[in-house]
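**Student:** Residue numbers (the working numbering): 4 to 598.
No residue lacks a Cβ here, since even glycine has one placed at the ideal position from N, Cα and C.
All of these numbers come straight from a predicted model, not from anything done at the bench.
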């Protein structure tokens, strides 16, 4: 059966040695997050994920969720008790405002816990994950009354939250949505319509479900300019906050899907359900995008998480599975064959996943810290710079980490041979679960177009120029470090590729937009690779310092893995540049009938 051990030591290395989290003690919540507190929090979180969530991952996948004739949905065995343990431990409110019952710790720690939980049991982690996204949207855009009514119960886990965007006839193009909102005359609205693909839309683990629903008020402008956001509880609330009768909200069916079987992906029907406006009328997308951006970072973490758990299981199998002899002679002559980890191609596969996982974890935490700065810093310029980076990197995180995360789950499955295709080993679940992360919260092609079409040139390219300057400054400052030179050279070349690609778009995409569309995916991955390379040189520098101070062989392994990434993965930036600069001519040349 599958195994999982949360990478606590690697996380602590990143937080303490690479990013020096103590530098942020001037930000609210960080002073409470001393190194001892962080270590204790991550240790307890790891224990919960390893001992409570992971053991019900495979069984939850096999059992799935069940919709009953009366519309009730039951989750797999053990999920309700696991949720009670998760909520009871305060994990949902880890980074939430203490005014509403949260602990006020850095969002960065919440991102770490998200990785551990998603690796241990991705389908389960979506229940609290969606709730945290809904909390974020209500916290920013909800009225004081809405926040007082819903946030405490959501933060303590008594109630959960969802987001309702997609409809049968519209997904990415939300301007086509038909769900309507009619004023009731008392400040509330009657919400009527059908939403599909609603993760955690119905379940038996919380006493109420607080749905955030996009709808169009009667008479509102057409398209996205006429969309409003509403908070719609599944069950009505009494004046004392007690949970009452159903509010005209029901689960019509559960989707039969490829993976994440332990999460109830529902068709939701709203039949005059009573809802309240969140934020400003006809500005619903602004409010929902708070949740969507939180969700996109969360989905990026899911890509890393599935890559990590798949890798751990592939490594364990490669050390045990006996097959063939090493090319240089038997390594374990007393056995009938050597373990397959002796074979170069097996090592190539495992090293490529390992090199990605460690850099991707750093990439996530680097940006999580920027999120904390953007939301907590008292310095306006510092907040703006952090927000610029988040705007630029969010589509990269979501698109690149989920694309490569899925590829790595497949690579890990390959290590098992035919056993990897058999359900009882559990590794094929990682492939199925990882696949959805490339699709939901904005398919990855949409992320690439968002990056190139909106984020790259925003504010005169301020975000991408800041990134160029930061990486360039690191390269210059460390140019004389002999030990780092083998890493800095390849990164310098790839940074040049990225700069050339950005300039090519400036010169060739405005007059011919198809050039941007045809090259967007390659640019997203090119920026992603340079970002991961930048993470590796920062990690290598920190590892060198720890080795000088007498650290163990784990730091030596960091340096080897960094070299592997620079030699075997980063050169792909050249191929991305070549594809970008080939333009869109052949991509767009065939007529539809010729496909």
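#1: Count the other CB atoms, across all protein chains shown, that sit within 10 Å of the CB of residue 3; report buried if there are 16 or more and exposed otherwise.
#2: Please report the residue range of the alpha helix (DSSP H) in which residue 121 lies.
#3: Answer with buried or exposed for residue 91, where buried requires no fewer than 16 other C-beta atoms within 10 angstroms of its C-beta.
#4: Using only the alpha-carbon positions, how far apart do residue 229 and residue 195 sit?
#5: Would you kindly work out how many angstroms separate the C-alpha atoms of residue 516 and residue 523, rounded to a whole number?
#6: To the nearest angstrom, how far is it from the Cα of residue 258 to the Cα of residue 483?
#7: Sort out for me which residues DSSP pairs residue 167 with in a bridge.
#8: Between the segment 7 to 22 and the segment 356 to 371, can you find at least three pairs of beta-carbon atoms closer than 8 Å?
#9: Could you compute how far the alpha carbon of residue 218 sits from the alpha carbon of residue 307?
#10: What does DSSP give as the partner residue(s) for residue 271 in the beta ladder?
#11: For residue 451, name the three-state secondary structure that DSSP assigns.
#12: I think residue 30 touches residue 380, with their Cβ atoms under 8 Å apart; what is that distance to the nearest whole Å?
#13: Which same chain residues, not among the five before or five after residue 437, have their C-beta less than 6 Å away from its C-beta?
#14: Could you tell me the boundaries of the alpha helix (DSSP H) in which residue 101 lies?
#15: For residue 8, which residues in the same chain have their Cβ closer than 7 Å to its Cβ, ignoring the five residues on either side in sequence?
#16: Just list the residues that DSSP pairs residue 173 with in beta bridges.
#17: Does residue 599 pass the burial test, meaning 16 or more other C-beta atoms within 10 Å, or should it be called exposed?
#18: Within 8 Å, do at least three Cβ pairs link the segment 355 to 364 to the segment 321 to 337?
#19: From what residue to what residue does the alpha helix (DSSP H) around residue 383 run?
#20: For chain C, find out if any of its Cβ atoms is closer than 8 Å to the Cβ of residue 83; answer yes or no.
#21: Helix, strand or coil for residue 235 per DSSP?
#22: If you check the beta carbons only, do residue 249 and residue 238 fall under 8 Å apart?
#23: Assess contact between the segment 473 to 487 and the segment 206 to 220, defined as three or more Cβ pairs (one per stretch) separated by less than 8 Å. Is contact present?
#24: Can at least three beta-carbon pairs, one atom from the segment 269 to 279 and one from the segment 219 to 227, be found at a separation below 8 Å?
#25: Taking 7 Å as the cut-off, is the beta-carbon of residue 570 closer than that to any non-hydrogen atom of the ligand FAD?
#26: Assign residue 576 to one of three DSSP states: helix, strand, or coil.
#27: Please classify residue 277: does DSSP put it in a helix, a strand, or coil?
#28: Please go through the same chain and pick out, in chain order, the residues whose beta-carbon is closer than 8 Å to the beta-carbon of residue 347, but skip the five residues on each side of it.
#29: Hey, quick one: how far does the alpha helix (DSSP H) through residue 11 stretch, first residue to last?
#30: Can at least three beta-carbon pairs, one atom from the segment 435 to 454 and one from the segment 388 to 401, be found at a separation below 8 Å?
#31: Which of helix, strand or coil does DSSP assign to residue 150?
#32: Please classify residue 431: is it buried, with 16 or more other beta-carbons within 10 angstroms of its beta-carbon, or exposed?
#33: With DSSP run on the structure shown, which of helix, strand or coil describes residue 44?
#34: If you compare alpha carbons, which of 153, 202, 490 is closest to residue 233?
#35: Is the beta carbon of residue 497 less than 8 Å from the beta carbon of residue 532?
#36: Evaluate residue 335 with the Cβ neighbour count: other Cβ atoms within 10 Å of its Cβ, from every protein chain shown; 16 or more gives buried, anything less gives exposed.
**Tutor:** In brief:
#1: Absent from the structure is residue 3, since the part of the chain shown begins at 4 and ends at 598.
#2: The count along the chain shown starts at 1 and reaches residue 121 at position 118. Taken as a continuous stretch (DSSP letters only), the alpha helix (DSSP H) holding residue 121 covers 110 to 123.
#3: Here residue 91 is taken as the residue at index 88 of the chain shown, counted from 1. With fewer than 16 Cβ atoms within 10 Å of its Cβ, residue 91 is classed as exposed.
#4: As a first step, residue 229 is located in the chain shown; it is residue number 226 there, counting from the start. As a first step, residue 195 is located in the chain shown; it is residue number 192 there, counting from the start. Their backbone Cα atoms lie some 16 Å apart in a straight line.
#5: Working through the chain shown from its first residue, we reach residue 516 at position 513. Working through the chain shown from its first residue, we reach residue 523 at position 520. Whole-angstrom Cα-Cα distance: 11 Å.
#6: Looking up residue 258 in the chain shown gives position 255. Looking up residue 483 in the chain shown gives position 480. Approximately 57 Å between the Cα atoms of the pair.
#7: The residue you call residue 167 lines up with position 164 of the chain shown. Residue 167 pairs with 216.
#8: yes
#9: Counting from 1 along the chain shown, the entry for residue 218 is found at position 215. Counting from 1 along the chain shown, the entry for residue 307 is found at position 304. In a straight line, the C-alpha of residue 218 is about 33 Å away from that of residue 307.
#10: Here residue 271 refers to the residue found at position 268 when the chain shown is read from its first residue. In DSSP, residue 271 forms a bridge with 198, 254.
#11: The count along the chain shown starts at 1 and reaches residue 451 at position 448. Note: residue 451 maps to helix in three-state DSSP.
#12: Within the chain shown, the letter at position 27 stands for residue 30. Within the chain shown, the letter at position 377 stands for residue 380. Residue 30 to residue 380, Cβ: 6 Å. Contact.
#13: By 1-based counting over the chain shown, the position of residue 437 is 434. Excluding positions up to five away in sequence, the list reads 309, 408, 409, 412.
#14: Walking along the chain shown from the start, residue 101 turns up at place 98. No alpha helix (DSSP H) contains residue 101, which DSSP labels as neither H nor E.
#15: Along the chain shown, one-based indexing puts residue 8 at 5. Once the five neighbours on either side are set aside, the close Cβ partners of residue 8 are 53, 315.
#16: Translated into positions along the chain shown, residue 173 becomes position 170. Beta-bridge pairing links residue 173 to 170.
#17: The first residue shown for the chain is 4 and the last is 598, placing residue 599 beyond what the model contains.
#18: no
#19: The sequence position of residue 383 within the chain shown is 380, counting from 1. First-last of the alpha helix (DSSP H) with residue 383: 383 to 418.
#20: Here there is only one protein chain, and chain C is not present.
#21: Position 232 of the chain shown, counted from the first residue, corresponds to residue 235. If DSSP states are grouped into helix, strand and coil, residue 235 belongs with the strands.
#22: By one-based count along the chain shown, residue 249 stands at place 246. By one-based count along the chain shown, residue 238 stands at place 235. Cβ distance < 8 Å, so residue 249 and residue 238 count as in contact.
#23: no
#24: no
#25: Because no ligand of any kind appears in the structure shown, any question about the ligand FAD cannot be addressed here.
#26: Stepping through the chain shown from its first residue, residue 576 is reached at position 573. In this structure, residue 576 counts as helix in the three-state DSSP scheme.
#27: Here residue 277 refers to the residue found at position 274 when the chain shown is read from its first residue. Correct three-state label for residue 277: strand.
#28: Sequence index remark: in the chain shown, residue 347 carries index 344 (1-based). Here the set comprises 330.
#29: Within the chain shown, numbered from 1, the residue matching residue 11 stands at position 8. Its alpha helix (DSSP H) spans residues 11 to 15.
#30: yes
#31: By 1-based counting over the chain shown, the position of residue 150 is 147. Of the three classes helix, strand and coil, the one that applies to residue 150 here is helix, per DSSP.
#32: Translated into positions along the chain shown, residue 431 becomes position 428. Classification of residue 431: buried, given that the 10 Å Cβ count is 16 or more.
#33: Numbered from its first residue, the chain shown carries residue 44 at position 41. Reduced to three states, the DSSP call for residue 44 is helix.
#34: Here residue 233 is taken as the residue at index 230 of the chain shown, counted from 1. Comparing Cα positions, the closest option is 153.
#35: Position 494 of the chain shown, counted from the first residue, corresponds to residue 497. Position 529 of the chain shown, counted from the first residue, corresponds to residue 532. For residue 497 and residue 532, yes; Cβs fall inside 8 Å.
#36: In the chain shown, the residue the question calls residue 335 occupies position 332. Counting Cβ neighbours within 10 Å, residue 335 comes out exposed, since fewer than 16 surround it.
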